[in-house]
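Asker:
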């Protein structure tokens with residue numbers, strides 16, 4: 363019955379969405395550090411997605427909220443912009459992992475290694491740390507080098523992705539997860555111990571101070587600036603995801619995800635396809651790693667643990683593996699829950715405890731139950747929404763139109779070889 367009601371859902375009326383945006387925008391402007399107001403303006407993105415209007419109108423309203431309303435009403439509030447930029451970083455990370463897990467179906471538990479590769483690539487060469495192993499006293503670099511290092515981080519992380527992809531081509535399923543988990547831990551341990559005999563990463567002490575971005579002599583170190591930098595990166599990654607999804611390589615990823623044997627029999631190279639998935643997903647993580655290092659101005663190996671990889675994987679599965687809007691929703695929801703909701707609930711309960719209203723033991727602090735809450739959410743999603751909050755849409759093809767197409771005359775893979783063999787036998791006879 364509930365399924366029938368959901369299928370009959372025609373979308374949210376446009377006036378309702380506009381009233382929602384206007385109401386929570388006003389609340390966000392007048393209320394300082396209001397969790398409800400901030401959640402309301404973030405939920406407006408979901409409402410826009412389900413609004414009963416044309417795609418162009420929804421895109422314009424979404425751009426208005428992200429580029430105008432949030433910076434205008436919350437731009438002076440460092441707290442709001444810090445949370446928004448943090449949400450954007452994890453959204454970009456989850457979109458990169460969605461290529462590996464969602465499109466290609468390769469379970470990757472070491473994704474944070476690519477994130478670390480991009481972060482360390484910028485941190486080492488933008489500080490005096492590089493002088494430890496490169497003579498000439500050429501470092502540190504200025505913040506203007508942040509922009510070229512976005513490309514450098516992309517290339518370095520893509521190389522790490524290829525290095526990971528080469529040894530795992532022979533395994534799949536649970537074994538693939540174990541190998542990628544080990545790769546992520548190996549990279550973290552290497553960065554932690556790479557201070558001897560040559561001090562490259564400064565080991566467990568970390569690297570600081572990492573310069574923040576500069577553009578035309580203007581420093582861009584506030585959460586307000588990082589919010590727009592992250593938005594541009596997210597727009598680039600979303601556009602790349604859309605292009606990949608509808609491209610030949612994207613269809614090859616999906617074919618490998620559904621059935622490797624069938625994909626290989628149709629002429630798809632598993633080697634090239636899997637390596638492309640690992641390299642592409644890793645490259646996006648490398649770009650985000652550069653932004654993360656510049657934003658934090660300090661990094662050390664503790665920022666790139668296994669739990670970070672698991673958290674990003676939770677975002678993808680919760681939102682909907684293979685679904686771009688679902689991954690964005692899952693990443694935003696988990697990040698806000700972790701960064702804002704649980705901490706605000708903890709502060710609220712502590713204030714009641716100080717007022718003598720309740721007696722809360724320290725062991726029951728809500729901020730300490732993040733992993734428990736994530737586990738419960740995954741169980742509920744697996745039971746009631748196994749395809750995620752916003753499942754990936756399956757393309758429906760018209761078989762009659764495909765048969766009538768001129769491309770149906772060309773056979774691919776093993777069928778083309780068989781047909782050529784028959785033709786050669788017929789010519790010889």
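In our numbering, the protein residues as written are 363 to 791. We put the beta carbon where it would ideally sit given N, CA and C, even for glycine.
Leaving out five residues before and five after residue 646 in sequence, what residues of the same chain have Cβ atoms less than 7 Å from its Cβ?
Answerer: Cβ neighbours of residue 646 beyond the five flanking positions: 454, 457, 458, 599.
Asker: To test your reading of the DSSP string, which unbroken alpha helix (DSSP H) runs of 4 or more residues are found completely within the stretch 405–491?
Answerer: Fully enclosed alpha helix (DSSP H) runs of 4 or longer: 417–426, 432–436, 440–459, 474–488.
Asker: If you follow the alpha helix (DSSP H) that residue 657 is in, where does it begin and where does it stop?
Answerer: Taken as a continuous stretch (DSSP letters only), the alpha helix (DSSP H) holding residue 657 covers 632–658.
Asker: Out of 508, 596, 717, which has the shortest C-alpha to C-alpha gap to residue 686?
Answerer: Per the Cα distances, 596.
Asker: Rounded to the nearest angstrom, what separates residue 390 and residue 444 at their Cα positions?
Answerer: Approximately 14 Å between the Cα atoms of the pair.
Asker: Terminal residues of the continuous alpha helix (DSSP H) containing residue 842?
Answerer: Lying outside 363 to 791, the shown extent of the chain, residue 842 is not represented and no answer is given.
Asker: Per DSSP, what are the beta-bridge partners of residue 576 in this structure?
Answerer: Answer is 581, bridged to residue 576.
Asker: Counting pairs of Cβ atoms below 8 Å between the stretch 486–494 and the stretch 561–571, do you hit three or more?
Answerer: Contact holds: three or more Cβ-Cβ distances are below 8 Å.
Asker: Which partner residues does residue 599 have in the DSSP bridge list?
Answerer: The partner list for residue 599 (beta bridge, DSSP) is empty, contrary to what the question assumes.
Asker: Once the 5 residues before and after residue 402 are set aside, which same chain residues still bring their CB inside 8 Å of it?
Answerer: Closer than 8 Å at Cβ, skipping near neighbours: 382, 385, 386, 389, 390.
Asker: Quick one: complete alpha helix (DSSP H) runs, 4+ long, within the stretch 689–747?
Answerer: The qualifying runs are 704–716, 732–746.
Asker: Excluding the 5 residues preceding and the 5 following residue 715 in the sequence, name in chain order all residues of the same chain whose CB lies nearer than 6 Å to its CB.
Answerer: So the qualifying residues of the chain are 722.
Asker: Take every Cβ of the stretch 510–521, pair it with every Cβ of the stretch 469–489, and state whether three or more of those distances are shorter than 8 Å.
Answerer: Output reads yes: the stretch 469–489 touches the stretch 510–521.
Asker: Alpha carbon to alpha carbon, what distance is there between residue 655 and residue 611?
Answerer: Looking at the two C-alpha atoms, the distance is approximately 31 Å.
Asker: Comparing alpha-carbon positions, which option in 450, 421, 666, 712 lies nearest residue 724?
Answerer: Nearest of 450, 421, 666, 712 to residue 724, Cα basis: 712.
Asker: With a threshold of 16 other CB atoms inside 10 Å of the CB of residue 609, please say whether the residue is buried or exposed.
Answerer: Exposed: under 16 other Cβ atoms inside 10 Å.
Asker: Report the partner residues of residue 548 according to the DSSP bridge assignment.
Answerer: BP columns for residue 548 are empty, so no partner.
Asker: Any idea which residues DSSP pairs residue 661 with across the strands?
Answerer: Bridge partners of residue 661: 569.
Asker: Could you work out which residue in 677, 410, 592 is closest to residue 651 when comparing CA atoms only?
Answerer: Cα-wise, what sits closest to residue 651 is 592.
Asker: By the three-class DSSP mapping on this structure, what secondary structure does residue 496 have?
Answerer: Coil at residue 496, not helix or strand.
Asker: Strictly by DSSP, which residues pair up with residue 374?
Answerer: 413.
Asker: Residue ranges of each beta strand (DSSP E) run of no fewer than 3 residues wholly in the stretch 507–550, ordered along the chain?
Answerer: Those beta strand (DSSP E) runs which fall completely within the stretch 507–550 and span 3+ residues do not exist here.
Asker: What would DSSP say about residue 555, mapped onto helix, strand or coil?
Answerer: Residue state, collapsed to three classes: helix.
Asker: How many Å lie between residue 636 and residue 396 at the Cα?
Answerer: Computed Cα separation, rounded: 44 Å.
Asker: With a threshold of 8 Å, are at least 3 pairs of Cβ atoms found where one atom belongs to the stretch 460–479 and the other to the stretch 526–541?
Answerer: Yes, the stretch 460–479 touches the stretch 526–541.
Asker: Following the continuous alpha helix (DSSP H) through residue 627, name the residue where it begins and the one where it ends.
Answerer: Its alpha helix (DSSP H) spans residues 622–627.
Asker: Would you kindly work out how many angstroms separate the C-alpha atoms of residue 502 and residue 575, rounded to a whole number?
Answerer: Each residue's Cα considered, the two are about 13 Å apart.
Asker: Mapping DSSP to helix, strand and coil, what is residue 385?
Answerer: Correct three-state label for residue 385: helix.
Asker: In whole angstroms, what separates the C-alpha of residue 732 from that of residue 707?
Answerer: Computed Cα separation, rounded: 12 Å.
Asker: If you count every other CB in all the chains shown that lies within 10 Å of the CB of residue 663, and 16 or more means buried, which is it?
Answerer: Per the 10 Å Cβ criterion, buried.
Asker: Can you tell me whether residue 416 is buried or exposed, with buried defined as 16 or more other CB within 10 angstroms of its CB?
Answerer: Residue 416 should be labelled exposed.
Asker: Give me, in chain order, the residues of the same chain whose beta-carbon lies closer than 8 Å to that of residue 544; leave out the 5 immediate sequence neighbours on both sides.
Answerer: Only 472 meet the Cβ criterion.
Asker: Using beta-carbon positions only, say whether residue 659 and residue 584 come within less than 8 Å of one another.
Answerer: Cβ distance not < 8 Å, so residue 659 and residue 584 don't count as in contact.
Asker: Please report the straight-line C-alpha distance between residue 622 and residue 642, rounded to a whole angstrom.
Answerer: The alpha-carbon atoms of residue 622 and residue 642 are separated by roughly 19 Å.
Asker: Leaving aside the five residues before and after residue 553 along the sequence, list all residues of the same chain whose C-beta is less than 7 Å from its C-beta, in chain order.
Answerer: Excluding positions up to five away in sequence, the list reads 478, 482, 563, 663.
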